[in-house]
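One structure below.
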Amino acid sequence: MMTERVKKLRDQSLQAVPRISPERARLVTRFYKSGEAVGKSVPVQRALCFRYILENKEICINDGELIIGERGPAPAATPTYPEITLHSLEDLDTLHNREKVSFQVDEETRRIYREEIIPFWKGKTNRDRIMQAMSPEWHLAYEAGIFTEFQEQRAPGHTVLGDKIYSRGMLDLIGEIRETRTRLDYFNDPGAYEKNEELKAMEIAAHALIEFAGRHAARLEELAAGEKDPARKKELEHMAAISRHVPAHAPRTFHEALQYYWYVHVGVITELNPWDSFNPGRLDQHLFPFYSRELAEGTLTREQATELLQCFWVKFHNHPAPPKVGVTAQESNTYTDFALINLGGVRPDGSDAVNELSYLILDVIEEMRILQPSSMVQLSRKNPDRFLHRALKIIKTGFGQPSVFNTDAIVAELVRQGKDIADARRGGASGCVESGAFGTEAYILTGYFNLTKLLELVLYNGKDPRTGKQTGPETGDPRDFKSFDDLFAAWRKQLEYFIDIKIRGNNIIEKINATHMPVPFLSLLIDDCISNGKDYNAGGARYNTSYIQGVGLGSLTDNFTSLKYHLFDEKDMEWDELLAALKNNFKGSEDLRYRLVYHTPKYGNDDDTADQHAVKVFNAFYEMVDGRPTSRGGTFRVNLLPTTCHVYFGSVTGAMPDGRPAWEPLSEGISPVQGADREGPTAVIRSVSKIDHLCTGGTLLNQKFSPSFFDGEEAIRKLGSLIRSYFRLDGHHIQFNVVDASTLRDARKHPEKYRDLIVRVAGYSDYFNNLGPDLQEEIIRRTEHAEV
Amino acid sequence: MSKGLLFDIKRFAVHDGPGIRTTVFFKGCPLRCAWCHNPESYRKQVEKTVNTRKLNGRTYREEEKVGEWMTVERVMGMIGKDAVFMNESGGGVTFSGGEPLMQPVFLEELARACVGESLHTCLDTSGYAGNDALQRVFPYIDLFLYDIKSLDKERHRRYTGKSNRLILENLRWLIKMRANIRLRVPLIPGINDREEDLKALEDLLSEAGSSVQGVDLLPYHKLAAPKHKTFRGEYAAGNIQVPEGSAMEYIRQRLEKHTNVPVGVGG
């Protein structure tokens, strides 16, 4: 049972209204105005800026908390990052007024922006640098909605902490930094100076976090002195002692380990606004040694561990994703900041990693039932069914957590990419579904890629019918294609053209981030940035990967199938009538649309007539991207996930040959087009398994079940087998939406009654009320389909 | 190779035996149960129906065939697609209908092919068939899902159109052969849930001994009413009430107490 303390903290977090806090923007501006930065190398400037924020930001300790530290001055008070992107006064109005994922902006914040922030940063942000460096072709493609750019409003990141902080304090890391500095070879290493500057910066950042904890300790001691309740007084004193010990030193207890992680988390998301915030990753593995030892020694009970974890959970929930506007808001329209707790999986030696704490954390997830952090179970063939069944019993309660990942596939993916097998086994999935070697890899998503839109360009000879602009190469009048192969070759040509534009842009942006936006604090945490003397954003990590995320596999597959089936195989449709129907968004061609929707093979039904195109499209995308070098010394890879980008990409894509009307959402992840799968979940699983998941860094499959599917132990066992089967076929990830459509319809009518209704969107869950009307409609359609 | 007349092959069938299964529905049935959930299975011939779909506010009506003659090879191709799910879940293939025993040669070949693929087989049968048909398929069936509609001779005839003598004889034969059996009892309020019906069922279970491994009570529902109108012209069970959950639970507990075998609700 949740304690009174946890109930209060949870309620406080659920009720906190996201608002913009000008605190960080103001401190950053003051720092750069102060002259402190003048004459220093960029990494040292960034570290000093980080220290300045932590020295001057308001300390927030909420009543009853056991784990402390807030990014802003209060829960849900969300800072901005003007060095990355500057919000105009209009942007602030948009954030304040928009219906979904809004942030309150008060008059004082507007004033500070008008008088201090905007005048200083206008034209000088990283976003300005990026946008100015991109070619006209890049801008044309970006505006057409062919791809998005992840680093446009947020810093890279997308990474997960390994196990290092649980055995090393910041002082130990400083020791390592000093040792590396003494070994620098100024005679033979032309990079020695840069390394020294980066290492100096890391040392400043490490000290800054120790001092930040010290400020908390001092405040706790003050609070303890004034506290009348003897129990709370003792707690505050204990917490002060913890903050005097970590993060300077390695943690000795369960409580210290959690508090240390949380200081680190706040550090990473204060330094910059990296994607997917930050993430403790394999929490059951990291904490288990503390838990089991303390339980045996009698210094910790199961109940205390539960309460500490619950307090830890609330801290994530207090931190909405930093505000996004424009395309970035459309591709990732959510407060969720994608910290994805991993449970289960395998140990570095390959053995079953599920432990008692894995189950205890599942209990915490079930009881807390909050949006953040996200959670998942890693399921290896070595893990017991009990673990999977326990997870399914939480999934069936319908709040979209935890999702289920295939550990064996993740390890194979990472090893294929060239990673050491033990590093691969220390990894997992983060963000939505992205595979990574935790603690040793910088794996950065660079943007979504609209695979479907490229076929639309083929149909209009490279011209974007929405804007009328010649956006892609002229690949010929489609009516002149002699065969389906000609048509596919034209799509491939468009793909090559735009992937080249995207990769060229990415390589410039990586250099910009390496040069102008180093992250010395994050670099402390990811191996081997210290021993390489290199920043996380400059290729300092042991492994460096950049992803392009393909969107619309299902839609594109169905489009190719329609074209081949009707125009080249059955020959029961003419190009002219089809193109005319598309131009008019099927107005006047309803019967033709009926044939496209109901008399055409569709992906997701285990029918090779359709599924072969998924394989072809995937292979083309994979071959075009995989293995190409990035400018920070890494490698480009592909994955297939959408967040909410399939809605945005749909909104820029006109009527298509699969019968989809203009501007409607595309399919998400590797799932079939909404409503197109009619043969049940085994057919869907077989269809989506035809692409080689092991060649990706993550795929996303959404399966919808009405709650009745989960009734009884027998049903749980069968669903468990369904997942095991998918994973035997190398499937990467599966997630479930368990809500009936009538509930959702009622929620749309009476949002007030469903404030806690969480649904699975795509790689993450969100409060139903936070979704835009398109997405709400889509989820309802998906659910209705599942109930048939 | 012989052909069988089927009207559906359903994947991810989770209520027709253990694990994840593919259920093959045979077309043609000697019984005419008033409450039948699959009236399209009655006639052993290809039939036509009209399918209605809506799109953009327009209604499209299309004639569709119900039933198709298929070879064992073709059916096995469809079954094989889900082998991994069957292997992983301890599932397999269920032959249902209709009455599969109405096509004993095809059923034998198909079941033998399944066994050859190391797939578990279930036969969902009314038991209304000649004993020779049953003997023919017996070696290839791992589990019999055996329907008991009514143990009252008169009522059985009234509500299914046939006597239950053959059914009970075949059941006794299966028990003698030590087959694995689960009894499936559709509970139809007022027809087979009276005190004497339950008593007769309890007696049958005591007599059956260890061969019967469990009983599934199948609550009657009215979802098939529109299909009855299409395939039969009328819905004879229109006046029957849908059983209440509490009544089902009472019967379940009562049977379980008397028989020592697990009794479940739903297939």
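From first to last, the protein sequence lines stand for chains A and B.
Going from the first sequence to our numbering is simple: count from 1 and add 121.
Going from the second sequence to our numbering is simple: count from 1 and add 5.
Virtual Cβ for every residue (Gly too), placed ideally from N, Cα, C.
Every value quoted in this text rests on a predicted model; they were computed, and no experiment measured them.
DSSP places G347(A) within a helical segment (H, G or I) once states are collapsed to three.
Beta-bridge annotation (DSSP): T28(B) is paired with K15(B) and T99(B). Within 10 angstroms of the beta-carbon of E204(A) lie 16 or more other beta-carbons, which makes it buried. Assignment of C127(B) by DSSP, reduced to helix, strand and coil, places it in the strand class. When C-beta distances to chain A are compared with 9 Å, the residues of the segment 92 to 112 of chain B below that value are N92, E93, S94, G95 and G96, in chain order. Runs of the alpha helix (DSSP H) lying entirely within the segment 66 to 93 of chain B and spanning at least 4 residues, in chain order: 77 to 85. Looking at E800(A), D851(A) and S479(A), the one whose alpha-carbon comes closest to that of R16(B) is E800(A).
For the pair of segments examined, the segment 199 to 209 of chain B was found not to touch the segment 231 to 238 of chain B: the number of CB pairs separated by less than 8 Å stays below three. Setting aside the 5 residues that flank it on each side, K685(A) is surrounded in the same chain by F605, each with a C-beta closer than 6 Å to its C-beta; the list follows chain order.
Residues of chain B with a Cβ closer than 8 Å to the Cβ of E711(A) are, in chain order, L60, N61 and R63.
In terms of beta-carbon proximity, F17(B) lines the interface with chain A, with at least one pair separated by less than 8 Å. Chain-order list of chain A residues neighbouring G250(B): empty, with the shortest C-beta distance near 12 Å, by a criterion of under 9 Å.
Close CB contacts of P401(A) within its chain, under the 8 Å cut and outside five residues either way in sequence, are with V281, L282, Y382, H386, H407, A460 and I462 (chain order). When the five nearest sequence neighbours on each side are left out, the beta carbons in the same chain lying within less than 7 Å of the beta carbon of C766(A) are those of T269, E452, Y569 and V672, in order along the chain. With the criterion set as a beta carbon lying under 7 Å from some beta carbon of chain B, the members of the segment 801 to 815 of chain A are G801, P802, T803, A804 and R807, in sequence order. Residue burial is scored here from C-beta neighbours: N169(B) has at least 16 other C-beta atoms within 10 angstroms and is therefore classed as buried. Our two residues, N218(A) and S142(A), have alpha carbons roughly 16 Å apart in a direct line. Taking the CA atoms as reference points, E122(B) sits about 30 Å from E45(B). Here A550(A) is not near A558(A), since their CB atoms are 8 Å or more apart. In summary, the residues of the segment 12 to 40 of chain B whose CB is separated from some CB of chain A by less than 8 Å are K15, R16, F17, V19, G24 and I25, in the order they occur in the chain.
Within the segment 546 to 564 of chain A, not one residue has a Cβ closer than 8 Å to any Cβ of chain B. Look at D221(B) here: in three-state DSSP terms it is strand. Excluding five sequence positions before and after T301(A), the CB atoms of its chain that fall closer than 7 Å to its own CB belong to L320, I651, S652 and G654, given in chain order.
For P444(A), the closest of A741(A), S209(A) and G660(A) by C-alpha to C-alpha distance is S209(A). Unbroken alpha helix (DSSP H) stretches of 4 residues or longer found wholly inside the segment 290 to 351 of chain A: 291 to 303 and 313 to 347, given in chain order. Under the three-state reduction of DSSP, N56(B) is assigned to strand. Between D87(B) and chain A, the shortest Cβ-Cβ separation is below 8 Å. Residue pairing by DSSP places N571(A) opposite V672(A) in a beta bridge. Take F375(A), set aside five residues on each side of it, and the residues of its chain with a beta-carbon closer than 7 Å to its own are L408, F411, Y412, E415, L421, A426 and L429, in chain order. A check of alpha carbon separations from R275(A) across Y581(A), D284(A), Y202(A) and P641(A) identifies Y202(A) as the nearest.
When the alpha-carbon of L576(A) is set against those of D473(A), F770(A), E691(A) and P793(A), the nearest one is in F770(A).
Close partners of F236(B) in chain A (Cβ separation under 8 Å) are lacking, with about 21 Å as the shortest Cβ gap.
For the segment 114 to 148 of chain B, the beta-carbon criterion of a distance under 9 Å to any beta-carbon of chain A is satisfied by none of its residues.
Look at the beta carbons and you see the segment 674 to 682 of chain A touching the segment 711 to 729 of chain A: at least three pairs across the two are nearer than 8 Å.
For M489(A), the enclosing alpha helix (DSSP H) covers residues E477 to M489.
Within the same chain, and ignoring the five residues on either side of A741(A) in sequence, the residues whose Cβ sits closer than 7 Å to its Cβ are R613 and L616.
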